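First up is the structure itself, then whatever we jot down about it.
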Amino acid sequence: MKLYFIACPYSDPDSSVVEMRFQECTKVAAELALKGIATYSQITMTHPINKYLLQQGKKVTWSEIDMAFLSRCDGLIVLTLDGWDRSSGVAAEIDYFKQKGMPVWTYEEFLQHF
């Protein structure tokens, strides 16, 4: 079974934007799971951890951990939420998959393809 990484903008000075992005990313991951499509939804996993650690005054640097997941995925699904095209994280994920010659889709393209 193929595994797809879900790319989504995350950081924003407005915590309600961060929460909305978490909710949207989790919704997409749930919809794909119902279709039997395996995804790694980074924001779905890391957001609750970030919130937990914030209460303790701690923070994780996710870049190396994310690379471990990226390297195991077969393609990238980009959620085109507001700000996706300005997100350095999303840009790095797109570049990673393109450099590996692996598929990159927007969520809408992915749904049409599958």
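Position one of the sequence shown corresponds to residue 1 (the UniProt record's numbering), numbered consecutively onward.
The C-beta atom is built at its ideal place from N, Cα and C for all residues, glycine as well.
Since the model is a prediction, treat every value here as computed from it, not as a measurement.
Between residue 93 and residue 76 a beta carbon distance of about 6 angstroms is seen, short of the 8 angstroms cut, so the two are scored as contacting.
8 angstroms or more divides the Cβ of residue 54 from the Cβ of residue 8.
In this structure residue 5 is buried. Its beta-carbon is surrounded by 16 or more other beta-carbon atoms within 10 angstroms.
Exposed is the label assigned to residue 15, since fewer than 16 other Cβ atoms lie within 10 Å of its Cβ. The straight-line gap separating the alpha-carbon atoms of residue 11 and residue 41 is approximately 15 angstroms. Ranking 30, 3, 1 and 18 by CA distance to the CA of residue 87 puts 18 first. Distance from residue 114 to residue 37 at the Cβ level is roughly 7 angstroms; contact confirmed, criterion being Cβ atoms closer than 8 angstroms. Under the DSSP assignment, residue 3 falls in the beta strand (DSSP E) whose first and last residues are 3 to 7.
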